[in-house]
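Working notes, beginning with the structure itself.
2 protein chains.
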Amino acid sequence: MANAPTADNPHPHLRLVSDLDSIDMPPLPLGRIMQGDCIEGMNALPEESVDLIFADPPYNLQLGGDLSRPDNSVVNGVTEDWDQFDTMDAYDLFSHNWLQAARRVLKPNGSIWVVGSYHNIFRVGTVLQDQQFWIQNDIIWRKSNPMPNFRGTRFCNATETLIWATKTEDAKPTFNYDAMKMMNDGVQMRNDWVLPICTGKERLKKSDGTKAHPTQKPESLLHRVILSTSNPGDVVLDPFFGTGTTGAVAKKLGRHFIGFEMEEDYILHAQKRIDKIKKGTGENIEVTASRRSAPRVPFGRVIEQGFLSPGSFLFNKTGHVSAKVRPDGSLLVGDFSGSIHQVGARVQNAPSCNGWTYWHYHSTEGLTPIDAIRDEIRATMEGKLRPAPVA
Amino acid sequence: MANAPTADNPHPHLRLVSDLDSIDMPPLPLGRIMQGDCIEGMNALPEESVDLIFADPPYNLQLGGDLSRPDNSVVNGVTEDWDQFDTMDAYDLFSHNWLQAARRVLKPNGSIWVVGSYHNIFRVGTVLQDQQFWIQNDIIWRKSNPMPNFRGTRFCNATETLIWATKTEDAKPTFNYDAMKMMNDGVQMRNDWVLPICTGKERLKKSDGTKAHPTQKPESLLHRVILSTSNPGDVVLDPFFGTGTTGAVAKKLGRHFIGFEMEEDYILHAQKRIDKIKKGTGENIEVTASRRSAPRVPFGRVIEQGFLSPGSFLFNKTGHVSAKVRPDGSLLVGDFSGSIHQVGARVQNAPSCNGWTYWHYHSTEGLTPIDAIRDEIRATMEGKLRPAPVA
DNA sequence: AACTAACCTGAATCCTTAG
DNA sequence: TCTAAGGATTCAGGTTAGT
């Protein structure tokens, strides 16, 4: 998690002005919506300058004639010019080009998300993989209120698919695992998300009452994307900005955004929408910290700070296995010594072991994991911890 | 629904022996598992001879090193030789080849299903589209009991994706819409299916207790696939037969199956499994019929058989609109006359109208749709109806 | 004001058969 | 291959009008 805050570098997302490579770098147009082609736009940005890309490209729907509901009302389909491609090859080329530009501006450990339907998502996924992007998850957006299949000819098409990918296989993207778990009532978040489509007051309307954009995404969807794979202060880029759901949610969550959009009308709606939003700051946008981002505590400090004395003994959960504590923070069992992890693994004959949870000490409450001591030490490291989760 | 039974052709799936084109056709190896490469195998079958193909190809998982759970037990991943491909290109070529062979044996209105994960499904979907297959739905299999993400580095990967496609855009595949709706408590079936993974007694085991196949699919999944897109007596082909879930469910549901499998061990398990199953027959495998397949009744017959008299009046649901019945089965409103549908459309100023449900007559129970009369007439047309839905 | 009912709408590759 | 006509087909949720 090179992007995660640590004790030594609490703001890894902020680039210091004194960084040498920033001297000739054009400033990022943070918080701005740029009108025009996103490929040219992204190519004008510095390389590897963006933490997160969310893209909602045209789906290339290829709709046939009109479709009417059983009550004879007509369905208002997506017939905009920007969704028209002459051939699948043309669509593939389009995908290749914008993804290549996106790849260039994305930081090495940044994340890219693309949303689509079965019409286009297989093409997009293939292009991503062909460009060496590494898929982390496919996410299924399960619409709680999809449009039905009116003619009874297929299964109701109630989902869209998002692909979450990194630039390379070995990238270490930001992933706020514990925040997602917290958001999911304490159990690990799955890759299928139930969220309603964008309707009601959230849906932007033109002055004549019709929808401002045919495919406006719900803020809840972007909330989960941005919260899971970026940190406050990160830069979020959306190459197909539309009416600005990405920008709105980014601003609420205290991230910077950059948007590209061709249609002036969409931009006007987006700008007005985003201007109304108060930028999220401080503890309002903090999430449950991942243990990974908590400051590392060497076992030696437990000895150093007097929580355990050299020569005292640690035990496994049942008390049947014991090891002697040495002054440097190593343990000794028989003639084998090593870290709490190494010795834990050895006595279990296991390939690895988390010593913090395996080893226990005698406290007033009986055998207690030494992890409790680590928590105490961390609590004393004032200012080096991320804030606690918002209740 | 060219494949759906009708009054005139109640068994469209059965090929008459007297058909001229069947004279030189090698017989289909129905109910047999063939050992060997599925491409050669399919190419040895007659063209356009199969109603349904279900394929669970290798996923090209590209697993890294061993994966262990937090308690250090090792996860038994998919590491079989058949899942190894040197490059993505090799996988694409493989997909192209077997799909081409599958396309050849599939009937013009047949359906093909392919299941995969994010590792391979984008490749498969792209190849399908490149071969002019037409995607009907993407189906999300939501596992009710997925394996968690033990490392906490991603969202829990709780889904697999199935693609349902036809050979062409204008194909009319079998789709038992009403059966699916019935199965889903009366509301139309969505494309996201919650089903458990294959565990417990259903999971085939070797004599040493380990699983016989690393990716055995649950029968519930195949049940829904086969029931929705085939009819009794149809031929279901599975090019990657494995331990025979497709064959087992096909036999239970009264469909014929053809399987190809390379590994002898899998075949032995599959054969044993399928031999134990009693072939489904008769009303046990019938599903809710579609109104589309019911015999057509002209409105004139309603008059002819005395259910309504010439000169009587029909009304809309509220009773505010009325039309006079004429002896030839036409209706009259003002100076406009025409079929029940034409007049219904006219008085609503709608492009079309189902007169059977729009028009009502005065019965002892108040205003009743004339569709009720049609149902009565149909009930008297002995032998021309499909069996009633199983309760 | 509170409740009910009618009405509207959403990224959709959405019919079948006779002539 | 075309047109015309028969007739089959919808779920959840929000807004608005009516009681």
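Protein chains in written order, with numbering that gives the first Met the number 0: chain E, 0 to 390; chain B, 0 to 390. Ideal Cβ positions, reconstructed from N, Cα and C, are used throughout, including at glycine. In this text, all values refer to a predicted model and were calculated from it rather than measured experimentally.
{"query": "C-alpha gap between B:Gly328 and B:Leu313, whole angstroms", "result": "12 Å"}
{"query": "Inter-stretch contact (C-beta, 8 Å, three-pair minimum) for the region 119-128 of chain E and the region 90-100 of chain E", "result": "yes"}
{"query": "Cβ-Cβ distance between B:Phe256 and B:Gly246 below 7 Å", "result": "yes"}
{"query": "Pick from B:Thr152, B:Lys205, B:Glu159 that is closest to E:Pro180, judged by C-alpha positions", "result": "One detail in the question is off: residue 180 of chain E reads as Lys in this sequence, not Pro. Of the candidates B:Thr152, B:Lys205, B:Glu159, the one whose C-alpha sits nearest the C-alpha of E:Lys180 is B:Thr152."}
{"query": "Closer than 6 Å: B:Val113 CB and nearest the ligand ZN heavy atom", "result": "The model on display carries no ligand, and the ligand ZN is accordingly not part of it."}
{"query": "Three-state secondary structure assigned by DSSP to B:Glu285", "result": "coil"}
{"query": "Classification of E:Glu263 by the beta-carbon crowding that lies within 10 angstroms, buried from 16 upward", "result": "exposed"}
{"query": "Interface flag, B:Tyr58 vs chain E, CB-CB below 7 Å", "result": "no"}
{"query": "DSSP-derived helix/strand/coil call for E:Val126", "result": "helix"}
{"query": "Whole-angstrom distance between E:Ser227 and E:Arg141, CA atom to CA atom", "result": "18 Å"}
{"query": "Chain E contact residues for B:Ala101, given Cβ-Cβ distances below 9 Å", "result": "Chain E residues near B:Ala101: none, gap ~17 Å exceeds 9 Å."}
{"query": "Alpha carbon of B:Asp85 to alpha carbon of B:Ile162, nearest angstrom", "result": "25 Å"}
{"query": "CA-to-CA distance, B:Trp358 to B:Ser336, given in whole angstroms", "result": "14 Å"}
{"query": "Reduced DSSP secondary structure (H/G/I, E/B, other) of B:Phe259", "result": "strand"}
{"query": "Chain B residues whose Cβ lies nearer than 8 Å to that of E:Thr86", "result": "What E:Thr86 touches in chain B: nothing, since even the nearest Cβ is about 11 Å away."}
{"query": "The region 143-157 of chain B: positions lying closer than 8 Å to chain E by Cβ", "result": "Pro145, Pro147, Asn148, Gly151, Thr152, Arg153, Phe154, Cys155, Asn156, Ala157"}
{"query": "Chain-ordered chain B contacts of E:Ile134 [CB-CB under 9 Å]", "result": "Tyr117, His118, Phe121"}
{"query": "Contiguous alpha helix (DSSP H) assignments of at least 4 residues, all confined to the region 147-206 of chain B", "result": "176-182"}
{"query": "Interface residues of chain E facing B:Gln128 [CB-CB closer than 7 Å]", "result": "Met87, Phe121"}
{"query": "Nearest residue (CA-CA) to E:Ala170, options E:Thr160, E:Trp133, E:Ala322, E:Asn144", "result": "E:Trp133"}
{"query": "Chain-order list of residues whose beta-carbon lies under 6 Å from that of E:Asp20 (same chain, five-residue window excluded)", "result": "The predicted model places E:Asp20 with a pLDDT of 44, which falls under 50 and marks its position as unreliable, so this point remains unresolved."}
{"query": "Collapsed DSSP secondary structure at B:Phe298 in the structure displayed", "result": "helix"}
{"query": "Cβ neighbours of B:Thr287 in the same chain (closer than 6 Å, five flanking residues each side left out)", "result": "Asp177, Ala178, Met181, Pro388"}
{"query": "Where the beta strand (DSSP E) containing E:Asp50 begins and where it ends", "result": "49-54"}
{"query": "C-beta atoms of B:Ser311 and B:Val324 nearer than 7 Å", "result": "yes"}
{"query": "Per-residue DSSP class, three states only, for B:Gly279", "result": "coil"}
{"query": "Secondary structure of B:Arg345, DSSP reduced to three states", "result": "helix"}
{"query": "Spatially closest choice to E:Arg189 from B:Thr363, B:Glu159, B:Val342, B:Thr356, by CA coordinates", "result": "B:Glu159"}
{"query": "Cβ of E:Asn315 within 7 Å of any chain B Cβ", "result": "no"}
{"query": "For E:Ile22, three-class secondary structure by DSSP", "result": "The pLDDT assigned to E:Ile22 is 49, lower than 50, so where the model puts this residue is not dependable; a value taken from the coordinates is nonetheless given after this. Three-state DSSP puts E:Ile22 in coil, outside helix and strand."}
{"query": "One or two residues paired with E:Ala322 in a DSSP bridge", "result": "E:Leu313"}
{"query": "Distance, E:Glu79 Cα to E:His268 Cα", "result": "17 Å"}
{"query": "Simplified DSSP state of E:Gly40, which is helix, strand or coil", "result": "helix"}
{"query": "C-beta neighbour in chain E for B:Pro169, strict 7 Å", "result": "Note on residue identity: the sequence assigns Asp, not Pro, to residue 169 of chain B. No, its Cβ sits nowhere closer than 7 Å to a Cβ of chain E."}
{"query": "Within chain E, partners of B:Phe174 - CB distance below 9 Å", "result": "Gly151, Thr152, Arg153, Phe154"}
{"query": "Selection from B:Met146, B:Val114, B:Glu47 that minimises the alpha carbon distance to B:Leu105", "result": "B:Glu47"}
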